[in-house]
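I have placed the structure first, in the form of structure tokens, so that the comments after it can refer back to it.
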Amino acid sequence: MKRTNKHLGIKLWSILSGSILIFLVLYMNIYIFSKGKEGLSIDFLMDMPKGFPLGTDGGIFPAIIGSIYFTSIACFFAGMIAIATAIYLNFYCTNKRIYGGIHMVIQSTAGIPSIVLGLFGYTFLVVHLNFGISLLSGGMVLGIMIFPFIEVKVEKAFQEISKELIYASYALGISKAYTFFKIILPICFGEIISAIALAGGFAMGAVAPIIFTGGVLYAPEPKGIFSPAMALPYHLYILIGEGISIENAYKTAAVLLVLLLVLNSFSIFIGLFRKVE
Amino acid sequence: NEVNRDQAAESTEDVFKSQILFKGSSTLAPVLSKISTEFIEEYETWDKVNKDFPNKSLDIFVSAGGSSAGVKSVIDGSSDFGMVSRSVSDEEKGKIEGYQEFKLGVDALTVSVNPKNQIYKLKKNLSTEEIQKIFSGEYKYWDQVETSLAHEEIVVVTRDLGGGAHGVFQKKVMGDAQVKADAIQAPSMGALVTKIIENKNAIGYASYGLVNQNGGKIIPLDVDGVAPTKENIISGDYKISRPLLVVKKGTLLPQEETFINELLSEEGMKTIERMGFVPAK
Amino acid sequence: MDHIIETKDLSIYFDQKKILDKINIKIKENKITAIIGPSGCGKSTFIKSLNKMVHEEKNATIDGEILLHGKNINGMEKEIVREKIGMVFQNPMPFPLSIYDNMIYAPIYYGIKDKEKLGNIVKQKLIIAGLYDEVKNNMKMQATKLSGGQQQRLCIARALTVEPEILLLDEPCSALDVKNTANIEEMLKKLSHQYTIVIVTHNLAQAKRIAQYTAFILNGEIIEYDETKKLFENPQDERTKQYIEGIFG
Amino acid sequence: MDHIIETKDLSIYFDQKKILDKINIKIKENKITAIIGPSGCGKSTFIKSLNKMVHEEKNATIDGEILLHGKNINGMEKEIVREKIGMVFQNPMPFPLSIYDNMIYAPIYYGIKDKEKLGNIVKQKLIIAGLYDEVKNNMKMQATKLSGGQQQRLCIARALTVEPEILLLDEPCSALDVKNTANIEEMLKKLSHQYTIVIVTHNLAQAKRIAQYTAFILNGEIIEYDETKKLFENPQDERTKQYIEGIFG
Amino acid sequence: MHKKFEKIFSNSIKGITFFSVMILICIIIFLIKESVVIFDEISLLDFIFGDKWNPVRNPPNISIFPMILGTLYVSFVAMTIALPIGVGAAIFLTSVVNEKMRKMIKPSIDLLAGIPSVIYGLIGLLVLVKFFEIHFDFSSGESVLVGGILLAIMVLPYIISTCDESMIKIAKRYKMASDGLGISKWHMIRYLILPASKKSILAGIILALARAMGETMAVMMVIGNSPIFPKLLGKTQTIPALIALEMGGAQVDSLHYHALFAAGLVLMGILFVVNMLFYYIKKNIDY
Ligand SMILES: Nc1ncnc2c1ncn2[C@@H]1O[C@H](COP(=O)(O)OP(=O)(O)OP(=O)(O)O)[C@@H](O)[C@H]1O
Ligand SMILES: Nc1ncnc2c1ncn2[C@@H]1O[C@H](COP(=O)(O)OP(=O)(O)OP(=O)(O)O)[C@@H](O)[C@H]1O
Ligand SMILES: [Mg+2]
Ligand SMILES: [Mg+2]
Ligand SMILES: O=P([O-])([O-])[O-]
């Protein structure tokens, strides 16, 4: 019985999909880099926005720094609450109703348009808690936005660990916390990092949540978490939206992609030192 | 919360408030950020602006979000100034205690088309009725506007119908007529201009500032025989225009006053003009 | 009171399916009790209920009472119960760590820091489980790479590191050869002077050899529970008789 | 030629450690061959080498030859070898699918599409493995929720669906009670008229009961390989003797 | 000592979970609070099922049925494109390419997720919309189809990354058992890995759908934002686009302003219903 041609369909499907994926990745990146490479220089990275109107010349240094801050705050905040929530739901929550309820809330809020989250952040963080238009407010709103994405992925990672392994630890009378840190975390570490990286990319490219909460058109590097700041996507948005400079918008996008690449290679780097199951 | 705010305000009396935040119209935001950047570069710290001020860094921030968001932030007190590129309604004024406004300039909306569209050669001028008919969908094809044009569908591009820019256009041109439902609503002036640049059948009301910045890539038409030129806009002959305002709740702090004066100075007006708008003075 | 664990009308359901049906049993202190019965009758479920492991299954419903030293375990924290009642599962499940790290996992948790002490515990428990000689030069090897029988012995040794009062063993010798089985049986007999041991086994000879008491479960019910000798030599129930004669189950 | 598999100087290393040392054995066709030996001696490794499963381990090195029907299996595709040589692993590993889907997994691959036929195969093989009655109303249940012994029987039934020429069984009865064990043994005896069966077992009585040939492995070497009767009644090697007398292992 | 640690750990976990759920509930309450005002003026049913949107007219029309359909349609198109490609690509990554290649491709997929939506919108406008205008002779290329294609690219990373991690785990864990039956890789993919990944695929769909239904900037730039009933090749508007487009211009506390929030609330309601649906599907898978 020769079965070489069996499953031709699924083979074709996966190879076709893979090719489409690779094409898309290459296309998007090459498109952006080819449009953005001209005049992309150290000066562009290290300079303040200049020119007339502002942004047609000079660089995007403060926006790079601002984006790093915004993304870090968002990832830290969202990572913390998302991992905690995933731990609770997967290891502590015994009540099916609560479990289902929390899930519903999380998944339903995942689709709230980010602009509405921004308005919520504006009302709640900026005005009510008096954080002002600041890195903190913007970062937290971004965090709220990516929280469901991290939570769902981390919880899935937890669920996929063999139950028996966890039970083997519980059966030794060992607490959930200890089991978590010694057995579960090492196994899931890579996946948690990759979830945060994926969501971090989302946060790094988002404009709507920070329009009302933390982003400004121009600012030097932020002095603290209570200052407003520039951000790459916001800068981009203004460059494109007000028709200031499409070329610089592509350059900015290229820089943003490089930044993401750095973020990702960081996560790969961490992943290399951890062995998955 | 109110109490909090008041305390914050009080403490700023003794603690010098070195930060000024502008929020609002995306049309004005680039202007303000340009002027403020220059101001900051020139002086760096407040004491260099005026000896009476302490040696504190000059932090002037500009944030966009739309004219109404600017008004909202002034009401909420989350920003010091609002930028508005339309007139402020009485209802809004009522919500702002001690309302003050500073007019920086005027922006006109030009009825513009793609350079590939032969209309500007054949028929440089559109009457208000024609514009109404184009925007309301009564004219569907270009050859209905001018018979020698191609029989191609007119692509109408507007800004969001609830926004300030469209409000001006509605009032000054459309009157009671409604823009057709399948018009493209561009999310920003830049997108509107991009669409006109990219689509040869597009027509839309591009900001005067952007027409100047995109010299040649889009072509403004005359309206009722009046060309959108600086003189015509100042004189009011060109009718589709809107004011560019900065609004404030309550009295100005001395440092704020200094900056507003800077805005209204000759330097400031020059910048507004260079951005393509018509300065107030 | 010579019994250490008592269940009262213990019933367990998975989803809607009844797996255990009103189990009433008193497990004697410092004795070895064997649980026998056909595959799928509920033996594992029963012993897993004693240290609250069944409680971890989301689709399980538990009725009735389980008393440890006369106290209902429902009122006790899981960790406390499990510290007192150690367990070795039917499928050996070493942690994806080195052999050594598997062994010091619990001792470190229970506060032993000293390297030397840890080393001693590891050595001593591995010797008891009869694994020491085979792995002494390979302590840093991934435990998941061990052979089936070696994994089983590792898990027994690991359970011993907790020093529980009661030890639940689910077919601990299923992957072991004669010699290792004898070894483990020897160890259990010795331990039974200080510990209470409950062992699930499908090896009737083993039950006869080491257990003072034996319970026979069939379809989730305890059919008979008695001194091993009596149960095997003079079963009261027809079904028990048939089972130990190998007719049935 | 009455043998179906032959190994020539088969040595296997994991990393640098020698696990099997120059194994030379001829496995007789349509007979049951038992592999016995103490835990960790290399039994599983040996039978896993026969159907190229050891070849999947990244850290394994394989020396020597394995001949199937006189042809070196190195030259054959893995799938072909494994289609001919079925295997049941020591640790039952049901797929995370329903019981039914576990059972039809291989038949579909081997080209059976017809629903009814599939249903028949499932039923027939489950009956052979003695699991049918227990699961017939629960065919859609996740197989991973079965009890230990049930999982083991499922895996045996699943291996049978391939209809291989040779069946390798690694301690297939370790989690089974007397009745089920007898059942499986009965089945193996019947199958051996058409199939060649190699069974790893630590249960010497079982080897005696069902195997015509027995090989005794110690520390990766074949110490003795002979007809079962001869090997048990009259072992040639002192170590074999000691092992079957249970002194050593 | 560990008891104390466990106490601290479990309490902080519970505390943080409570905190995060509270935030989400606050958002929901905020949304409701900002929305309800409009229901003095218009009934919920009219708001949802009416077909005219023109909030600045007098009297205003505030009904969002075209936008609801637009949102659903665009997301549906996006998912129909992204799901097969995403799952296929996940299989591709697990089974076709080797470990090294996979490690190279994976981060670039994350990169795809990080491209700012404004850039997606711009490329969509300059490439896709243009493409349809030139090659299909549309008067304007802004359409549901373009929005759907663009969104599909944007959500692809979410589907792929949720699926391929589980697929790799399943492949690793059961490879031996499957190989032992003499079964080829592709049969294993089709009959073991795919069915066993159902849950992960579902999780991927939930994430991707949430992302698709909530996406604002990119969609807004390529669908024309006309509040009319959607056609595959015609313009339409989605709820997030509507909100983003008009929020900056809606006067504070006007009916318009609150109607935009109400639209957001309706979107959340839709997502809730969709999630309920998935919840029941998942329950059936679980058995
Ligand atoms: N992947 C591996 N890497 C390193 N060592 C291994 C690996 N697999 C098995 N071993 C070692 O090889 C030896 C033989 O293992 P094998 O599984 O063949 O034993 P066995 O005879 O089947 O024992 P048991 O009866 O306990 O199952 C053991 O010492 C084991 O630790
Ligand atoms: N999590 C579960 N969900 C549903 N059914 C289950 C679950 N765990 C076990 N069962 C069922 O409960 C019954 C008893 O299982 P248990 O593991 O207690 O049997 P056992 O006596 O240990 O059998 P064996 O000797 O084969 O290990 C079996 O029919 C099994 O299919
Ligand atoms: Mg069991
Ligand atoms: Mg073995
Ligand atoms: O942002 P606007 O300038 O359109 O109000």
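Protein sequence lines, in the order shown, are assigned to chains A, B, C, D and E. Be aware that the first sequence starts at 1243, since it is given in our numbering, and climbs by one per residue. Be aware that the second sequence starts at 57, since it is given in our numbering, and climbs by one per residue. Be aware that the third sequence starts at 654, since it is given in our numbering, and climbs by one per residue. Be aware that the fourth sequence starts at 654, since it is given in our numbering, and climbs by one per residue. Be aware that the fifth sequence starts at 371, since it is given in our numbering, and climbs by one per residue. The C-beta atom is built at its ideal place from N, Cα and C for all residues, glycine as well.
Whole angstroms is fine: what's the gap from residue i's alpha carbon to residue j's?
i	j	result
R892/C	N836/D	19 angstroms
G126/B	A120/B	8 angstroms
E1397/A	A1450/A	27 angstroms
V169/B	Y261/B	9 angstroms
T1246/A	A239/B	Any reading at T1246/A needs caution, since the residue's pLDDT is 49, under 50, leaving its predicted position unreliable; the model's value is listed next. Cα to Cα, the separation comes out at about 55 angstroms.
I685/C	K861/C	11 angstroms
M740/D	W556/E	20 angstroms
I1416/A	L1407/A	13 angstroms
I781/C	M840/C	7 angstroms
A578/E	V525/E	5 angstroms
P565/E	L750/D	8 angstroms
L807/C	P825/C	11 angstroms
F901/C	S1404/A	With a pLDDT of 47 at F901/C, under the threshold of 50, the modelled position of this residue cannot be trusted, and the question is left open.
F379/E	E730/C	16 angstroms
E970/C	Y666/C	Residue 970/C lies beyond the range of chain C shown here (654 to 902); nothing can be said about it.
Quick one: is the Cβ of residue i within less than 8 angstroms of any heavy atom of ligand 4?
i	result
K696/D	yes
S827/C	no
What are the boundary residues of the beta strand (DSSP E) that residue i is part of?
i	result
E659/C	H656 to F667
I408/E	From DSSP, I408/E is part of no beta strand (DSSP E); its letter is neither H nor E.
M740/D	I738 to V741
I1375/A	Neither: I1375/A is in no beta strand (DSSP E) and is coded neither H nor E.
N677/C	K670 to K681
Q156/B	Y155 to V169
A120/B	Where A120/B is concerned, there is no enclosing beta strand (DSSP E), given that its DSSP letter is neither H nor E.
Does ligand 3 have a heavy atom nearer than 8 angstroms to the CB of residue i?
i	result
V853/C	yes
E824/C	yes
S570/E	no
G717/C	no
Taking the alpha helix (DSSP H) that residue i belongs to, which residues open and close that run?
i	result
G802/C	G801 to L813
V211/B	Counting along the chain, V211/B falls outside any alpha helix (DSSP H), though it belongs to the beta strand (DSSP E) covering V211 to R215.
F1265/A	L1250 to G1278
I'd like to confirm something about residue i: is its beta-carbon nearer than 8 angstroms to some heavy atom of ligand 1, or not?
i	result
D786/C	no
N712/D	yes
Examine ligand 2 and report whether any of its heavy atoms sits within less than 8 angstroms of the Cβ of residue i.
i	result
I870/C	yes
Chain E contacts from the stretch 751-781 of chain C (Cβ-Cβ distance under 9 angstroms): Y762, Y763 and G764
Interface positions of the stretch 1445-1478 of chain A facing chain B (Cβ-Cβ less than 7 angstroms), listed along the chain: I1453, F1454, G1457, V1458, L1459, Y1460, A1461 and P1470
Selection of the stretch 114-136 of chain B by Cβ proximity to chain E, strictly under 7 angstroms: G121, G122, S123, S124, A125, V127, K128 and I131
Ordered list of alpha helix (DSSP H) runs contained in the stretch 66-101 of chain B, each at least 4 residues: 85-99
Every unbroken alpha helix (DSSP H) inside the stretch 830-873 of chain C [4 residues or more]: 831-844 and 857-863
Against chain D: residues of the stretch 812-832 of chain C by CB proximity under 7 angstroms: E824, S827, A828, L829, D830, V831 and K832
Interfacial residues, the stretch 783-809 of chain C to chain D, with Cβ spacing under 7 angstroms: E787, S800, G801, G802 and Q803
Interfacial residues, the stretch 390-411 of chain E to chain A, with Cβ spacing under 9 angstroms: S390, V391, I393, L394, I395, C396, I397, I398, F400, L401 and E404
Selection of the stretch 554-573 of chain E by Cβ proximity to chain D, strictly under 7 angstroms: S554, H557, Y561, L562, P565 and A566
Against chain D: residues of the stretch 509-537 of chain E by CB proximity under 7 angstroms: none
Near-chain E residues of the stretch 250-271 of chain B - C-beta to any C-beta below 7 angstroms: T250, E254, N255 and N257
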